[in-house]
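A.B. asks: Below you will find the structure I want to go over with you.
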Amino acid sequence: SSNEVAKDEL
Amino acid sequence: MNVFRLIGDMSHLAAIIILLIKIWRSRSCSGISGKSQLLFTAVFTCRYLDLFTNFVSIYNTTMKIFFLASSYATIYLIFMKFKATYNRNHDTFRFELLIVVSVILALLINHEFSATEILWTFSIYLEAVAILPQLFMITKTGEAESITSHYLFALGSYRGLYILNWIYRYYVEGHLDWIAVLSGIVQTGLYCDFFYLYITRVMKGKNLTLPA
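Sequence order for the protein chains is A and B. So the mapping is simple: the working numbering equals the position in the first sequence, first residue as 1, plus 428. So the mapping is simple: the working numbering equals the position in the second sequence, first residue as 1, plus 3.
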């Protein structure tokens, strides 16, 4: 879902 | 990674370094809101809990470690080493309110009701408003040292560049995290009047004095 993807940002 | 996010991270890094240099060289944290720095430290602490569990890249890990270490160092300088120079009487924004609202919002609006996701969401909402005590302090004192205005310009630009990064990622990768995007828009929006003053005054060598 969308929440994993954003975790590569600071 | 894309150029917008890289420049954004460098701008964020520059802001943190500018602030540390200003405090260390002048041996003073006058004009700096300790409350905003406490909020930023809370943002990094809650957001980077996955530092050791979720490896993304060397770059990601080193930047997270630097941001955490530098934010704790900054509040050490403000509240311990140079606390005699901290303008407590000008740093009066009710930042507890920002924390409470961010906690409630994170519990109500999130992608997943799990501890790490709620903490991440809380850090996103809190970061959006964390600069308010600092901006409030500047309106109270009516001016800011030029180095403080450079710090604010770099800090405000970083999330503005992240918005470009999110536009890029939406069109290129089809990825969109609307919680981060909407919070980033609010965060950058809070700097608008400062950006105007910075560009029309500081860039021309004048001091950042707010119209009384």
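The beta-carbon is built from N, C-alpha and C at its ideal position, and this holds for glycine as well.
Quick one: complete alpha helix (DSSP H) runs, 4+ long, within the region 151-208 of chain B?
C.D. replies: Complete alpha helix (DSSP H) runs here, min 4: 181-192, 195-203.
A.B. asks: In whole angstroms, what separates the C-alpha of B:Y173 from that of B:L179?
C.D. replies: Cα to Cα, the separation comes out at about 6 Å.
A.B. asks: Helix, strand or coil for B:E99, going by three-state DSSP, please let me know.
C.D. replies: Three-state DSSP puts B:E99 in a helix.
A.B. asks: Sort B:G163, B:S126, B:L108, B:S39 by Cα distance to B:F82 and report the nearest one.
C.D. replies: Ranking B:G163, B:S126, B:L108, B:S39 by Cα distance to B:F82 puts B:S39 first.
A.B. asks: For the region 5-30 of chain B, enumerate the residues whose C-beta is nearer than 9 Å to any C-beta of chain A, in chain order.
C.D. replies: Flagged, chain order: R8, G11, D12, H15.
A.B. asks: The region 63-75 of chain B: which residues have C-beta closer than 8 Å to a C-beta of chain A, in chain order?
C.D. replies: Cβ contacts with chain A: N63, M66, K67, F70.
A.B. asks: Any idea what DSSP makes of B:E115, helix, strand or coil?
C.D. replies: If DSSP states are grouped into helix, strand and coil, B:E115 belongs with coil.
A.B. asks: Near B:G159, what residues of its chain come up, given a Cβ to Cβ distance below 7 Å and the 5 sequence neighbours on each side ignored?
C.D. replies: The residues are T191, Y194, F197, F198.
A.B. asks: Residues of chain A with a CB under 7 Å from the CB of B:I46: which are they?
C.D. replies: In the sequence as displayed, the identity of residue 46 of chain B is Val instead of Ile. Correct list: empty, because the minimum Cβ distance to chain A is about 11 Å.
A.B. asks: For B:I113, which residues from the same chain have a beta carbon less than 8 Å from its beta carbon, with the 5 sequence-adjacent residues on both sides left out?
C.D. replies: With the sequence shown as reference, residue 113 of chain B is identified as Asn, and Ile is not the correct amino acid for it. Here the set comprises E120, I121, T124, I182.
A.B. asks: How far does the alpha helix (DSSP H) with B:G11 in it reach, from first residue to last?
C.D. replies: Start and end: 6-29.
A.B. asks: Give the range of the alpha helix (DSSP H) segment to which B:A76 is assigned.
C.D. replies: Counting along the chain, the alpha helix (DSSP H) containing B:A76 begins and ends at 61-79.
A.B. asks: Which value, in whole angstroms, describes the spacing of the CA atoms of B:Y75 and B:G187?
C.D. replies: The straight-line gap from Cα to Cα measures roughly 23 Å.
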